[in-house]
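Under this note's numbering, the letters of the sequence shown match residues 1277 to 1794, in that order. We put the CB at the ideal spot given by N, CA and C, even for glycine. These numbers come from a predicted model, not from an experiment.
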Amino acid sequence: MTAQQPLPEENPPGEECGVFGVWAPGEEVAKLTYYGLYALQHRGQEAAGIAVADGSQVLVFKDLGLVSQVFEEQTLAAMEGHVAIGHCRYSTTGNTTWENAQPVFRNTAAGTGVALGHNGNLVNSTALVARAREAGLINTRVPGAATTDSDILGALLAHGAADSSLEQAALELLPTVRGAFCLTFMDENTLYAARDPHGVRPLSLGRLDRGWVVASETAALDIVGASFVRDIEPGELLAIDADGVRSARFANPTPKGCIFEYVYLARPDSTIAGRSVHGARVEIGRRLARECPIDADLVIGVPESGTPAAVGYAQESGIPYGQGLMKNAYVGRTFIQPSQTIRQLGIRLKLNPLKEVIRGKRLIVVDDSIVRGNTQRALVRMLREAGAVEVHVRIASPPVKWPCFYGIDFPSPAELIANAVEDEDEMLEAVRHAINADTLGYISLRGLIAATEQPTSRLCSACFDGQYPIELPSETALGKNVIEHMLATAARGAGVRADIAAADVSPEAEQASVLRHP
1277 MTAQQPLPEE NPPGEECGVF GVWAPGEEVA KLTYYGLYAL QHRGQEAAGI
1327 AVADGSQVLV FKDLGLVSQV FEEQTLAAME GHVAIGHCRY STTGNTTWEN
1377 AQPVFRNTAA GTGVALGHNG NLVNSTALVA RAREAGLINT RVPGAATTDS
1427 DILGALLAHG AADSSLEQAA LELLPTVRGA FCLTFMDENT LYAARDPHGV
1477 RPLSLGRLDR GWVVASETAA LDIVGASFVR DIEPGELLAI DADGVRSARF
1527 ANPTPKGCIF EYVYLARPDS TIAGRSVHGA RVEIGRRLAR ECPIDADLVI
1577 GVPESGTPAA VGYAQESGIP YGQGLMKNAY VGRTFIQPSQ TIRQLGIRLK
1627 LNPLKEVIRG KRLIVVDDSI VRGNTQRALV RMLREAGAVE VHVRIASPPV
1677 KWPCFYGIDF PSPAELIANA VEDEDEMLEA VRHAINADTL GYISLRGLIA
1727 ATEQPTSRLC SACFDGQYPI ELPSETALGK NVIEHMLATA ARGAGVRADI
1777 AAADVSPEAE QASVLRHP
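Structure follows, in structure tokens:
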């Protein structure tokens, strides 16, 4: 390794979260949920949890870590019931703490339980927090309380269910919620699923022999042996119990599915809106080859999400495809702070070049996206050190110029390398120079949209074009820690209202049915 300064570590775009739910009397629903979450692990690696009910009570078990780290066989065996939901978390609102792990749990005034898992991000969290405070649902004097938009939804749902059914409470609450959300929630008997009116994040319904499944991706249905029935529609609420599946509309649909699901977020073996994700990525590569051709000896992909596009590029260009990079499958997010020595290893911890494959070659390197550019810069340097004579970088998405407020943890505009220069040609040259590639090419937004086989009008591409389909509030009402700031301000204020301070919402009451690692 050369003695150059280490580059700042760059994580890929955060995959927001994964949700799963099952209603299946007679089945081991906790284990089914565990396997479903395992299939959705790529969508969130910070925390995982499962809620289960047997008709009499709701039990929740959650902790920080990967699904396989959180759950043991004996834990799953103890979680008996006929209905369950699960969640794997990547934080987009709220810090990484046990309290912010999901499913969130709240008791209703009637003594029943409500558990909820959320994939997405809300843009009117401040209004919902204010509403919850006015109802006495948040005690700002309790340290260590949850600080997520998901917890606020759970609190408001449980509060609404005090005077009506949980189903009716959801039909009254959901029309007031703004942003991207796919929800799975439950009480002691019934599984619910809801998708925001824009359908920003995917959510599908599957059928078991003796029950029903909902999941963020169709791959999770495959893993548990469920057959795909249909996508849950934007603006739809499903209720599943002994009476069957009930569907209700809480808002008119205006579909705006996230285009980045096709680029990076979703598993390649999933299907979104009828389009195979793998098929879309291969087609992106083909179109990229037509839009950004270059003479070279070998096409390689950056595993994993860059690989299908590299295959498509090779197919279209006629240039051979090869496996030039090996990925360490066991490198993921860690709660152990790496030492300076480990930091200097950088990308080598995750990827290692096959020197005999790339030595002396003119390479076309296909990656899914460029965010800050640190990863690509380190990768190009590593390939040159391994003997590549030319490195031509091709990107299977347009330049990322805008942050996402709908569930992907993109950086601020100032941190996005493609946002530094306004002129398109100057931007391309600036990024190429920054990553030290011989040439650089991005697929056009038009080409990307065509590869998804979805109408432009049904896609959200705000991270590429800045056109946000869901109206955003002021900057002060956005951000990962907006709820922490609101609650901290309320707690410091001299006039914390007596009815809030005296609200009967102790941590013990909130977590009455929650299991936790010691």
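Where do the ends of the beta strand (DSSP E) carrying residue i lie?
{"i": "Cys1458", "result": "1455-1462"}
{"i": "Phe1504", "result": "1503-1507"}
{"i": "Ile1236", "result": "Look at the range of the chain in this structure, 1277 to 1794, and you will see that residue 1236 is not part of it."}
{"i": "Gly1663", "result": "Where Gly1663 is concerned, there is no enclosing beta strand (DSSP E), given that its DSSP letter is neither H nor E."}
{"i": "Phe1347", "result": "Per DSSP, Phe1347 belongs to no beta strand (DSSP E) and is neither H nor E."}
{"i": "Asp1339", "result": "1334-1340"}
Using only the alpha-carbon positions, how far apart do residue i and residue j sit?
{"i": "Ala1445", "j": "Asp1699", "result": "50 angstroms"}
{"i": "Phe1536", "j": "Leu1442", "result": "33 angstroms"}
{"i": "Trp1374", "j": "Leu1659", "result": "40 angstroms"}
{"i": "Ala1306", "j": "Gly1430", "result": "21 angstroms"}
{"i": "Gly1349", "j": "Gln1333", "result": "The sequence given here has Glu at residue 1349, not Gly. Rounded to the nearest angstrom, the two C-alpha atoms are 21 angstroms apart."}
{"i": "Asn1383", "j": "Pro1629", "result": "53 angstroms"}
{"i": "Ala1738", "j": "Cys1680", "result": "7 angstroms"}
{"i": "His1668", "j": "Leu1655", "result": "12 angstroms"}
{"i": "Asp1517", "j": "Lys1626", "result": "45 angstroms"}
{"i": "Ser1344", "j": "Arg1734", "result": "36 angstroms"}
{"i": "Ser1720", "j": "Arg1551", "result": "19 angstroms"}
{"i": "Pro1428", "j": "Gln1317", "result": "For the sequence presented, residue 1428 should be read as Ile rather than Pro. Using only the alpha carbons, I get a separation of about 24 angstroms."}
{"i": "Asp1571", "j": "Ile1595", "result": "8 angstroms"}
{"i": "Ile1640", "j": "Thr1728", "result": "23 angstroms"}
{"i": "Gly1297", "j": "Gly1436", "result": "22 angstroms"}
{"i": "Ala1556", "j": "Asp1573", "result": "25 angstroms"}
{"i": "Asn1712", "j": "Ile1576", "result": "17 angstroms"}
{"i": "Leu1748", "j": "Tyr1682", "result": "10 angstroms"}
{"i": "Gly1723", "j": "Ala1696", "result": "24 angstroms"}
{"i": "Leu1335", "j": "Cys1568", "result": "54 angstroms"}
{"i": "Gly1598", "j": "Ile1634", "result": "9 angstroms"}
{"i": "Arg1795", "j": "Lys1637", "result": "Past the boundaries of the shown model lies residue 1795; the chain is included only from 1277 to 1794, so the question cannot be answered."}
{"i": "His1474", "j": "Gly1331", "result": "33 angstroms"}
For residue i, name the three-state secondary structure that DSSP assigns.
{"i": "Ala1360", "result": "strand"}
{"i": "Phe1526", "result": "coil"}
{"i": "Phe1536", "result": "helix"}
{"i": "Leu1763", "result": "In this prediction, Leu1763 has a pLDDT of 49, which is less than 50 and means its spatial position is unreliable; nothing more can be read from the coordinates."}
{"i": "His1474", "result": "coil"}
{"i": "Ser1720", "result": "coil"}
{"i": "Ser1480", "result": "strand"}
{"i": "Met1602", "result": "strand"}
{"i": "Phe1487", "result": "Residue 1487 is actually Gly in this sequence, not Phe. Strand at Gly1487."}
{"i": "Phe1296", "result": "strand"}
{"i": "Glu1580", "result": "coil"}
{"i": "Leu1513", "result": "strand"}
{"i": "Val1772", "result": "Note that Val1772 has pLDDT 39, beneath the 50 cutoff, so the model's placement of it is unreliable and no number is given."}
{"i": "Asn1376", "result": "helix"}
Label residue i either buried or exposed according to how many other C-beta atoms from any shown protein chain fall within 10 Å of its C-beta, with 16 as the threshold for buried.
{"i": "Met1602", "result": "exposed"}
{"i": "Arg1566", "result": "exposed"}
{"i": "Lys1631", "result": "exposed"}
{"i": "Asp1690", "result": "Sequence check: residue 1690 is Ala here, not Asp. Ala1690 comes out exposed."}
{"i": "Ala1502", "result": "buried"}
{"i": "Asn1528", "result": "exposed"}
{"i": "Leu1467", "result": "buried"}
{"i": "Ser1688", "result": "exposed"}
{"i": "Asn1650", "result": "buried"}
{"i": "Gln1743", "result": "exposed"}
{"i": "Tyr1606", "result": "exposed"}
{"i": "Gln1730", "result": "buried"}
{"i": "His1709", "result": "exposed"}
{"i": "Glu1322", "result": "buried"}
{"i": "Arg1486", "result": "exposed"}
{"i": "Asn1397", "result": "buried"}
{"i": "Pro1451", "result": "exposed"}
{"i": "Thr1796", "result": "The structure shown does not extend to residue 1796, since the chain is modelled only from 1277 through 1794, so no value can be given for it."}
Could you tell me which of the options sits nearest to residue i, measuring between CA atoms?
{"i": "Ile1508", "options": "Gly1482, Val1500, Asp1498", "result": "Gly1482"}
{"i": "Ser1492", "options": "Gly1520, Gly1533, Ala1527", "result": "Gly1533"}
{"i": "Glu1512", "options": "Glu1410, Val1641, Trp1678, Ala1524", "result": "Ala1524"}
{"i": "Val1453", "options": "Leu1433, Ala1438, Ala1437, Leu1735", "result": "Leu1433"}
{"i": "Gln1378", "options": "Asn1695, Ile1361, Arg1734, Gly1387", "result": "Ile1361"}
{"i": "Arg1563", "options": "Thr1530, Glu1464, Ser1593", "result": "Ser1593"}
{"i": "Ala1585", "options": "Leu1313, Ala1403, Ser1673, Phe1740", "result": "Ser1673"}
{"i": "Met1355", "options": "Phe1337, Val1346, Gly1341", "result": "Phe1337"}
{"i": "Val1500", "options": "Ala1469, Thr1715, Arg1638, Leu1308", "result": "Leu1308"}
{"i": "Gln1652", "options": "Gly1663, Arg1670, Ala1662", "result": "Arg1670"}
At what residues does the alpha helix (DSSP H) containing residue i begin and finish?
{"i": "Ile1560", "result": "1553-1567"}
{"i": "Tyr1314", "result": "1305-1315"}
{"i": "Ile1646", "result": "Careful: Ile1646 lies outside any alpha helix (DSSP H) and carries neither H nor E."}
{"i": "Leu1447", "result": "1442-1449"}
{"i": "Val1676", "result": "Where Val1676 is concerned, there is no enclosing alpha helix (DSSP H), given that its DSSP letter is neither H nor E."}
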